[in-house]
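Here the UniProt record's numbering is used: the first residue of the sequence shown is 1, the next is one more, and so on.
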Amino acid sequence: MELLRRKVIDEGIVLGQGVLKVDSFLNHQMDPVLMREIGREFTRRFNGEEITKVLTIESSGIAPGIMTALELDVPLIFARKQKSLTLTEDIYVEKVYSFTKKETNEITVSKKFIAPGERVLIVDDFLANGEAAFGLARIVEQAGGSVAGIGIVIEKSFQPGHRLLQEAGYRVESLVRIASLTEGQIAFVEDDEV
Ligand code: G4P
Ligand code: NA
Ligand code: NA
């Protein structure tokens, strides 16, 4: 997706430890025109999947998620993150460990928002190790729904998330794939590479 790739080149800042800072258009300030185009691109890629809901995780997944849901004409659900939890029976809970932040969050979704048989598209801003996407997929499956696909805005292809999700049988579509972030440089996976 050329518009997104341009944004990453022009505004992305490489931090140490393989982290890309994109707070001028995705993680803090958000670019609504870009988000609209992201929603259109996911809708184009997942055309025919009969999606009934979009599921993301707060907070940075919400903008691409809502624009995708708008384009697909279905609701968006965002999973909530919390450190500790009062157990209740009306929510799905999954543990998600973040290697980037070295912390475990419990993510939750109210049972009333995913019905059995639902076809759910998972959307998130970043894919690294895939922990968040796996947690969201487990929630969909707990609910008796199925994962129609996983749409990622920026994939860090040097981390194993894409491969692990694919091996687990999920279809992953990433709008930009980053091969490396070494020495302050952003290298992209070329479109003809796997
Ligand atoms: P994983 O789910 O793929 O395993 O990723 P990981 O635990 O490593 O990611 C934890 C958080 O860090 C997520 O945000 C994720 O979006 C973000 N993240 C991972 N790598 C990068 C990166 O290179 N650049 C940026 N900007 N973010 C990255 P989060 O904690 O859920 O925060 P938010 O959604 O509230 O922004
Ligand atoms: Na994030
Ligand atoms: Na995120």
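Just so it is clear, CB atoms sit at the ideal spot from N, CA and C, and this is done for glycine as well. Owing to the predicted nature of the structure, the values given are computational and were not obtained by experimental measurement.
With a Cβ-Cβ cutoff of 8 angstroms, do residue i and residue j count as a contact?
i    : j    : result
I154 : D125 : yes
S60  : I91  : no
V54  : T68  : yes
E118 : T52  : yes
G169 : E49  : no
I186 : V172 : no
K156 : L127 : yes
A132 : V147 : no
Where does residue i fall in DSSP's three states?
i    : result
E183 : coil
I114 : coil
V14  : strand
F42  : helix
F175 : At residue 175 the sequence reads Leu, which differs from the Phe that was named. Strand at L175.
V19  : strand
Is the closest heavy atom of ligand 1 to the C-beta of residue i under 7 angstroms?
i    : result
T100 : yes
N129 : yes
L76  : no
N27  : yes
G161 : yes
V109 : no
K21  : yes
K7   : no
K156 : yes
Can you list every residue whose CB sits closer than 7 angstroms to some heavy atom of ligand 3, going in chain order? I57, S60, G61, D124, D125, F126 and A132
Run through the UniProt domain "Phosphoribosyltransferase" (48-157) for me and flag every whole beta strand (DSSP E) of 3 or more residues, listed as ranges in chain order. 53-57, 76-82, 91-98, 103-110, 119-127 and 146-156
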